[in-house]
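To start, the structure under review is shown below, and the notes come after it.
Written out as structure tokens, the structure is:
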């Protein structure tokens, strides 16, 4: 299996909290992340499929960049995720939720290759991988 990886960067802010929890429960669950704070994210999109024998390429990188930029980066860059992106209404803006949203945004628009993994790195020591809804 061949997997091509393309890296993107964006900056975004978010705030954790759950209106259904008490102030003490929110503080216990989220601590200082109850405050609006931001990250410089690194997003790695991994695509797999058959290599085109005529080009030697697995995917048209121009198309992949256009899809990710239009359907993810332009929406999240310099946003407050849980306020600016409707999908996050009632959801925490965690990397765990963000990779699911990103998969849905990208997978629906690819015209070659198959999305293999979405990796979102929030800090130098924290990242989340998502292999799609059908991965076992």
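In my numbering, the protein residues as written are 276 to 411.
Beta carbons: idealized from backbone N, C-alpha and C, even for Gly.
Quick caveat, the model's predicted, so the values are computed rather than measured.
Segment limits, beta strand (DSSP E) that includes residue i
| i | result |
| --- | --- |
| residue 325 | No beta strand (DSSP E) holds residue 325; DSSP gives it neither H nor E. |
| residue 279 | 278–289 |
Pair within 8 Å by beta-carbon distance, residue i and residue j
| i | j | result |
| --- | --- | --- |
| residue 393 | residue 282 | no |
| residue 380 | residue 347 | yes |
| residue 391 | residue 343 | no |
| residue 402 | residue 395 | yes |
| residue 324 | residue 387 | yes |
| residue 338 | residue 315 | no |
| residue 356 | residue 326 | no |
Per-residue DSSP class, three states only, for residue i
| i | result |
| --- | --- |
| residue 400 | coil |
| residue 320 | strand |
| residue 355 | strand |
| residue 372 | helix |
| residue 306 | helix |
| residue 395 | strand |
| residue 346 | helix |
| residue 409 | coil |
| residue 386 | coil |
| residue 315 | strand |
Residue i, enclosing alpha helix (DSSP H) - first and last residue
| i | result |
| --- | --- |
| residue 337 | 336–343 |
Chain-order list of residues whose beta-carbon lies under 7 Å from that of residue i (same chain, five-residue window excluded)
| i | result |
| --- | --- |
| residue 367 | 291 |
| residue 350 | 360 |
Straight-line Cα distance separating residue j from residue i
| i | j | result |
| --- | --- | --- |
| residue 360 | residue 354 | 8 Å |
| residue 364 | residue 329 | 45 Å |
| residue 376 | residue 383 | 11 Å |
| residue 385 | residue 404 | 19 Å |
| residue 305 | residue 373 | 17 Å |
| residue 298 | residue 389 | 43 Å |
Beta-carbon proximity list for residue i, same chain, < 8 Å, skipping 5 on both sides
| i | result |
| --- | --- |
| residue 309 | 290, 291, 292, 301, 302 |
| residue 286 | 313, 314, 315, 316, 352, 353 |
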